[in-house]
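Novice: Input: one structure, supplied below.
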Amino acid sequence: MHQIETQDVTTYLRELQDRICAGLATLDGHAQFDEETWSRDEGGGGRSRVMAGGRVFEKAGVGFSEVRGSQLPPSATAQRPELAGMAWKAMGVSLVIHPENPWVPTSHANVRFFVAERPDHAPVWWFGGGFDLTPFYPIDDDCRHFHRVAKEALDPFGPQWYPEFKAACDRYFYLPHRGETRGIGGVFFDDFNALGFTDSFALMRAVGDAFLPAYLPIVEARHAMRYTEQQRQFQLYRRGRYVEFNLVYDRGTLFGLQSGGRTESILMSMPPLARWQYGYQPEPGSDEGRLNDYLVPREWL
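Going left to right, the sequence shown walks through residues 4 to 304 as my numbering numbers them.
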């Protein structure tokens, strides 16, 4: 892996963080991002940016990190045991947005690059990323728009990638103990190097660049809709599912904690408020009960 290629990825990721933060802050029009830079003992660091208490966004976290270590943690080698014992470097941008209004979906996105090396082995590298949507009161036009932008971003690289990455997203963002998907999906890919470095990097950039066009029009259309306290409480209840997934199943969270990452940055994705209610069942035919019909994979396009 040539250094210039790694630096190109770092440069893009930093610029993407800047661009996403600017877009979110402009739309909110009230709050701004606070930034904290940090470093870790084993190597590397990052920039964590959090906006809280906004007019539109109750909390939005957008983090950039570039970290390295001498040995991969178990979460990284469980699927790739041949990488055990290798030194590694990882860089990425990851974000989660928790809007105030229950009619505005939560959304998550990340793009990342990873390389593992040791003296007797050629470098092993891959890209990963994606974005997904978690509505509380789904609106079909919003779901279709989100998936349409994802497909349009991936189609220049081949017609196979959107359906493949869409299916991977449906599989990944699934809570087995609940028997439901986390939301209505999007696209997700990992361990991706199928197109060679240059084109795989271009595909990752296309996904990163597509997030704002996929998400911001939905926020703009829904953030001023009126909502009730009952709807707010349902939003907080459903946020509990988000917490469950991130703490139990998310590979990025597990990798960060197992590799000695910065806990505050790793858990930046947590909502500011969430609740759990024992034995809750929405009333049949209610708007809350309707969400269950969306928590299974479906074709949106």
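Note that CB positions come from ideal geometry on N, CA and C, so glycine has one too.
Just so you know, these numbers come straight off a predicted model, no measurement behind them.
Does the distance from the C-beta atom of Tyr-218 to that of Ser-97 stay below 7 angstroms?
Specialist: No, the Cβ-Cβ distance between Tyr-218 and Ser-97 is not below 7 angstroms.
Novice: Using the DSSP secondary-structure output, state which residues sit across from Met-54 in a beta bridge.
Specialist: For Met-54, which the question treats as bridged, DSSP gives the partners Ala-63.
Novice: Could you spell out where the alpha helix (DSSP H) holding Arg-151 opens and where it closes?
Specialist: Where Arg-151 is concerned, the enclosing alpha helix (DSSP H) stretches over 143–157.
Novice: Report buried or exposed for Trp-279, applying the criterion of at least 16 other Cβ atoms within 10 angstroms of its Cβ.
Specialist: Result: exposed.
Novice: Decide if Ser-262 is buried, meaning its Cβ has at least 16 other Cβ atoms within 10 Å, or exposed.
Specialist: So Ser-262 ends up on the buried side.
Novice: Out of Gly-161, Arg-147, Arg-58, Phe-204, which one is the CA nearest neighbour of Ala-227?
Specialist: Comparing Cα-Cα distances from Ala-227 to each of Gly-161, Arg-147, Arg-58, Phe-204, the minimum goes to Arg-58.
Novice: Shortest alpha-carbon distance to Arg-185 belongs to which of Ile-142, Gly-133, Asp-173, Arg-121?
Specialist: Ranking the options by Cα distance to Arg-185, first place goes to Asp-173.
Novice: State whether the region 144–155 contacts the region 175–193, with contact taken as three or more CB pairs (one from each stretch) at a distance under 8 angstroms.
Specialist: Yes, since at least three Cβ pairs between the region 144–155 and the region 175–193 fall closer than 8 angstroms, the two stretches touch.
Novice: Expressed to the nearest angstrom, what Euclidean distance is found between the alpha-carbon atoms of Arg-225 and Gly-26?
Specialist: Taking the straight line joining both Cα atoms gives about 16 angstroms.
Novice: Between Tyr-252 and Leu-157, what straight-line distance do the alpha-carbon atoms span, to the nearest angstrom?
Specialist: The alpha-carbon atoms of Tyr-252 and Leu-157 are separated by roughly 26 angstroms.
Novice: Terminal residues of the continuous alpha helix (DSSP H) containing Ala-87?
Specialist: Run containing Ala-87: none; DSSP gives neither H nor E here.
Novice: Measuring straight from C-alpha to C-alpha, what distance separates Gly-47 and Glu-8?
Specialist: The alpha-carbon atoms of Gly-47 and Glu-8 are separated by roughly 17 angstroms.
Novice: If Val-274 sits next to Tyr-245, beta carbons under 8 angstroms apart, how far is it from one beta carbon to the other, in whole angstroms?
Specialist: The question names Val, but residue 274 is Pro in the sequence shown. That belief holds up - the Cβ atoms of Pro-274 and Tyr-245 are roughly 6 angstroms apart, short of 8 angstroms.
Novice: What do you reckon, are the CB atoms on Met-271 and Gly-72 nearer than 7 angstroms?
Specialist: Going by C-beta atoms, Met-271 is not nearer than 7 angstroms to Gly-72.
Novice: Quick check on DSSP: helix, strand or coil for Glu-291?
Specialist: In the structure shown, Glu-291 sits in a helix (DSSP, three-state: H, G or I).
Novice: Could you give the uninterrupted runs of the alpha helix (DSSP H) lying entirely in the region 245–288, keeping only those of 4 residues or more?
Specialist: Fully enclosed alpha helix (DSSP H) runs of 4 or longer: 254–261, 266–269.
Novice: Looking only at its chain, what residues have a beta carbon closer than 7 angstroms to the beta carbon of Pro-105, apart from the 5 residues adjacent to it on each side?
Specialist: Counting only Cβ-Cβ distances below 7 angstroms, and skipping sequence neighbours, we find Phe-139, Tyr-140, Tyr-230, Gln-234, Arg-235, Phe-237, Gln-238.
Novice: Please state whether DSSP places Met-4 in a helix, a strand or coil.
Specialist: Note that Met-4 scores a pLDDT of 42, beneath 50, so its modelled location is shaky; the value from the coordinates is reported in the next line. In the structure shown, Met-4 sits in coil (DSSP, three-state: anything other than H, G, I, E or B).
Novice: Within its chain, find whatever has a CB closer than 6 angstroms to the CB of Gln-6; leave out the 5 residues flanking it on each side and keep chain order.
Specialist: Residue placement at Gln-6 is flagged as unreliable, the pLDDT there being 41, under the threshold of 50; the coordinate-derived value follows with that caveat. Cβ within range, chain order: n/a, list empty.
Novice: Between which residues of its own chain and Asp-145 is the CB-CB distance below 8 angstroms, once the five residues before and five after are set aside?
Specialist: For Asp-145, where only same-chain residues beyond five positions count, the Cβ hits under 8 angstroms are Pro-108, Leu-136, Pro-138, Ile-221, Ala-224, Arg-225.
Novice: Taking Ser-42 and Gly-66 to be in contact with their CB atoms under 8 angstroms, please state how far apart those CB atoms are, rounded to whole angstroms.
Specialist: Actually they do not touch by this definition, with Cβ atoms about 14 angstroms apart.
Novice: Can at least three beta-carbon pairs, one atom from the region 200–211 and one from the region 155–170, be found at a separation below 8 angstroms?
Specialist: Flag = yes, the region 200–211 and the region 155–170 touch.
Novice: Using a Cβ-Cβ cut-off of 6 angstroms (strictly less than) and excluding sequence neighbours within five positions of Ala-119, which residues of its own chain qualify?
Specialist: Cβ within range, chain order: Leu-86, Met-89, Trp-91, Val-127.
Novice: Can you check whether the CB of Leu-215 is closer than 7 angstroms to the CB of Phe-160?
Specialist: Cβ atoms of Phe-160 and Leu-215: not closer than 7 angstroms.
Novice: Measuring only the C-alpha atoms, how far is Asp-143 from Leu-298?
Specialist: Going from the Cα of Asp-143 to the Cα of Leu-298 covers about 13 angstroms.
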